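Chains as they are written, first to last, in my numbering: chain U, 41 to 306; chain W, 96 to 705.
Idealized CB from N, CA, C, for every residue including glycine.
For clarity, every value in this text was computed on a predicted model and none was experimentally measured.
Since the structure comes first, as structure tokens, the remarks are kept for the end.
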Amino acid sequence: MDHLDHLEAQSIFILREAYKHFGKLGMLWSVGKDSTVLLWLAKKAFFGHCPFPFIHVDTKYKIPEMIEFRDRTAKEYNLDLIVHSNEEALANGMGPEHGRMVCCKALKTEGLTQVTKKYEFEGLILGIRRDEEGSRSKERIFSERNSESEWDYTDQPPELWDQFKTDFKKGNHIRVHPILHWNELDIWEYIKRENIPLVDLYFAKDGKRYRSLGCAPCTTPIESTASNIDEIIEELKNTKQSERSGRAQDQEMAHAMQKLRKDGYM
Amino acid sequence: MENSRETLNIVVVGHVDHGKSTLIGRLLFDTDSLPEGAIDKVKQLAKEKGKAFEYAYLLDAFEEEQEQGITIDTTQLQFSTEKRDYVIIDAPGHKEFLKNMISGAANAEAAFLLVDANEGIQEQSRRHGYILSLLGIKKVYVIVNKMDLVDYSEDRLNQIKTDFNEFLNNLNIYPIDYIPISAYFGENIVKKSKKMPWNRSGSIIEIMDTIPKDKDLEKKPLRFPIQDVYKFDDRRIIAGRIESGTLNVGDEILISPSNKTTKIKSIAYWSDKDQRNEASAGMSVGIIVEDEFFNKRGEIISHIEDAPIKSNIFNANVFWMGKTNLVKNKKYKLKLSTKEVECEVITINKIIDASTLAQGDFAEGIKKNDVAEVTIRTKEMICFDEFANLQTTGRFVIVDGFDVSGGGIISGIEDSLKNRELVTNSTNIAPRKRLVSTKDREKSYGQKGRVIWLTGLSGSGKNEIAIKLEKKLFDFGKKVYYLDSTNLRFGLSSDLEFSAKDAHEQTRRIAEVARLFADSGTIVIVSSVSRYRKDREFAKEIIGESVYREVFIEATEDVCKKRNPGGIYEDGDENFYYEKSDYPVFSLFIEDAEFNADKKALSLIELIRG
């Protein structure tokens, strides 16, 4: 087995553990590269089937190509797709001009909490990775959230020998992180190996490409000429820029992500 | 070749403040593995908080960690040398966060156990050493940090080496090397330090690249725990991850503990490039088998000749992380590979203070951060291996309420007690382990212990055949013993009568004694009417399927009456009633009363083979 085989086998094991343990299980699909890889891994884990719904928390500020890709792929893969927006906050005019932390919390965190409650999810699969930023690097593979989606990162359960936390209070839910151990380069090498279809925004046009996707007002493309997967892999091997440097919420203040994630952010 | 690069997971453990996070921060910095601006960001942060810059801040991402200057939770970071990729796991050194340390260390293949050159070996240095031995991590390197505080003294290093080895060797940890460094000043990190010319081993990075990877898990016995069974379409797929060994399409497999055998028909796949006929350790696969019977998550698939141990009682070493003590006679959940089962601790054999190795007090049970030797009973039979033989199926966690609260490794079970459901009315007893195994005896005696169980009606000729068979095997030089059920009634079973209830007890006693004889390496011949199927199944279960050989001596009512006109009948009226077994047995037909017992016995010789 090579490096990617090991990563894949571990992720499939985790996905199957989640499916076995949680009656009400959903997978968050942001349409970005990581959660699209996750979608592919689910197909493999369940031999071509996707036995749970996929959830897209739509802030209505997403880049239009993302929405187009989402709808096309959902149709192609025959996904059970739940699209949810925090309509109330949007009706009250929520947007990045209220402050990025405030906006992220309302449209993403609260949107996610709403949909979790509505469908009474016991398990939510998310495509976060340890190498993305500090608070994610401390995550567990099965990570408990209370009924308000809050994360008690000061008292995380021991996680050893792939025996995950599967017992929890009713009303709480478990965030499952099957690709926590992958890094950005792994993701791209896997996309290449498996030939996974991806939204076009990642590939350079006119000297710019998106390295990480989010809402249009708060995500900036990076300078790049990498217009295909091979070129992206080559670029990543030589860059010293961090992956999320184009994501405004990370730069907002010290420990911004820790604070967002404590409240239930992805 | 891009994807064939190798990854090694290394955990850094040790006492609080001995510099684990600093070392890792330094490794990342010196190998140029940090993203642009990371150092500046941390410097800025330190300035804002009015603190001096620390490499540790790169890892201690939580605000609380930076404020208190300690690591609370484990982190994993990646970096590469020219040779390969590393995942470096930072584990907290504070006693309070031992569970986070264990979470980190459980994922590692090798460990750096850090000791402060100035402070020397402290409580958590020892406790972490103990935990590493329990986790089965053998590749341990002791890193002696802060050498700058002891003037880079070789004597100081040697002193720490002598002291620590004394403790660690006692736990069967033999550190591969002691590496002197100063993480803060970057001495002996990437390049050999000029400050320590006496140091014969290389720098940390040089030594890291020499750590060998674990290999050959795929050559060990097959263990494929069933994770789930899928029926999304017309295929019925048994899904799981192969923990050890290799399986091939066409292999005959055994499913334990339900004891079913079948063949692998195919390996399922979704994407065409994943099509395969062979799969081995580490792979998450799905198999389709020839016979479709009910399979449960938690059962273990193996090859027939190399099955896991089955039992409901075993000895284990556990470490406890729970908020409430681990106590006897309370119900917990045990998770071992994919099996979940109710369990209880029936005996606490020893509690050890992991830091001093002193024996603790039993009265209140096993406290948080304690290590103990216990005997565990599960509610039903489970499959496992001894941790020393196969790690992945030899370890488990214990769930108390909602929380994973303990981890344990199975130290084993005595051979004579394996592969059967154990029942006991005694309390405070533990199965004890000895130094001579069944295999040792088999090798020394040149024969395998077997039980040849002769069953049939009274008068069918069991005894005649048994005595001839005993003589023949004896003359061949075999260690053999005929366990005559009638003779037992003058001794071991002198309290039993000829009633249905006592007949069952008599069967149990014969089977238990026969099992012990067989375990001692002896070929045992048993003669017992055992006319009911359930009695023989009971005996077979006690003795063990691989040891038990059933021979049905079949004779007509006529022949029996002729041969035994008086009749000794074990269980009353139904003298000529016999229930045949529904599995294949060796049959001898006694065609007439004057049969040749010698010839019949000869045909049974082959039963001791295989």
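- Taking C-alpha positions only, residue 593 of chain W is separated from residue 558 of chain W by approximately 19 Å.
- For residue 374 of chain W, the enclosing beta strand (DSSP E) begins and ends at 373-375.
- In this structure, the beta-carbon distance from residue 111 of chain U to residue 93 of chain U does not fall below 8 Å.
- Excluding sequence positions up to five before and after residue 430 of chain W, its CB lies within less than 7 Å of the CB of 491, 492 and 494, all in the same chain and listed in chain order.
- The distance from the Cβ of residue 645 of chain W to that of residue 631 of chain W is about 6 Å, consistent with a contact at the 8 Å cut-off.
- Proximity of chain U to residue 465 of chain W at the Cβ level (cut-off 7 Å) is not reached, the minimal Cβ distance being about 15 Å.
- Bounds of any alpha helix (DSSP H) do not take in residue 213 of chain U; it lies within the beta strand (DSSP E) bounded by 213-216.
- Within the stretch 354-373 of chain W, 363, 364, 365, 366, 368 and 369 place their CB atoms closer than 9 Å to a CB of chain U, listed in sequence order.
- With a cut-off of 8 Å on Cβ pairs, the stretch 413-429 of chain W is not in contact with the stretch 377-396 of chain W, counting fewer than three such pairs.
- The Cβ of residue 62 of chain U sits no closer than 8 Å to any Cβ of chain W.
- What residue 140 of chain W touches in chain U, judged by beta-carbon distance under 8 Å, is 294, going in chain order.
- Scanning its chain for C-beta atoms nearer than 7 Å, with the 5 sequence neighbours on each side dropped, one finds around residue 562 of chain W the residues 577, in chain order.
- Between residue 502 of chain W and chain U, the shortest Cβ-Cβ separation is below 8 Å.
- Straight through space, the alpha carbons of residue 130 of chain W and residue 280 of chain U are spaced by roughly 5 Å.
- Excluding residues up to 5 positions away in sequence, 469, 471, 503, 504, 505 and 506 lie with their Cβ nearer than 7 Å to the Cβ of residue 411 of chain W in the same chain.
- Taking 8 Å as the cut-off, the beta carbon of residue 340 of chain W is found no closer than this to the beta carbon of residue 320 of chain W.
- By a beta-carbon distance limit of 8 Å, residue 396 of chain W contacts residue 348 of chain W. Their separation comes to about 5 Å.
- The beta carbon of residue 268 of chain U sits no closer than 8 Å to any beta carbon of chain W.
- With a cut-off of 8 Å on Cβ pairs, the stretch 278-298 of chain U is in contact with the stretch 246-264 of chain U, counting three or more such pairs.
- Look at residue 96 of chain U here: in three-state DSSP terms it is strand.
- For residue 184 of chain U, the beta-bridge partners assigned by DSSP are U:214.
- In the DSSP assignment, residue 103 of chain W falls within the beta strand (DSSP E) that extends over 102-109.
- Interface annotation, residue 197 of chain U: in contact with chain W, CB-CB separation under 8 Å.
- For residue 486 of chain W, the three-state secondary structure derived from DSSP is coil.
- For the options W:102, W:362, W:582 and W:373, the alpha carbon positioned closest to that of residue 383 of chain W is the one of W:362.
- Residues of the stretch 65-96 of chain U that bring their beta carbon within less than 8 Å of a beta carbon in chain W comprise 83, 84, 85, 86, 87, 88, 89 and 91, in sequence order.
- Close to chain W, meaning a Cβ-Cβ distance shorter than 8 Å, are the following residues of the stretch 210-235 of chain U: 221, 223, 229, 233 and 234.
- The three-state reading of DSSP puts residue 504 of chain W in strand, counting E and B together.
- Judged by beta-carbon spacing, residue 193 of chain U lies beyond the 8 Å limit of residue 64 of chain U, meaning their Cβ atoms are not closer than that value.
- Bounds of the alpha helix (DSSP H) holding residue 155 of chain U are 151-158.
- When DSSP states are grouped into helix, strand and coil, residue 258 of chain W belongs to the helix group.
- The beta carbon of residue 268 of chain U is closer than 7 Å to those of 243 in its chain, skipping five residues each way along the sequence.
- Going by DSSP, residue 388 of chain W is part of no beta strand (DSSP E) at all; its letter is neither H nor E.
- For residue 322 of chain W, the nearest CB of chain U lies under 8 Å from its own CB, placing it at the interface with that chain.
- For residue 397 of chain W, the uninterrupted beta strand (DSSP E) segment begins and ends at 395-398.
- Under the three-state reduction of DSSP output, residue 445 of chain W falls in the strand class.
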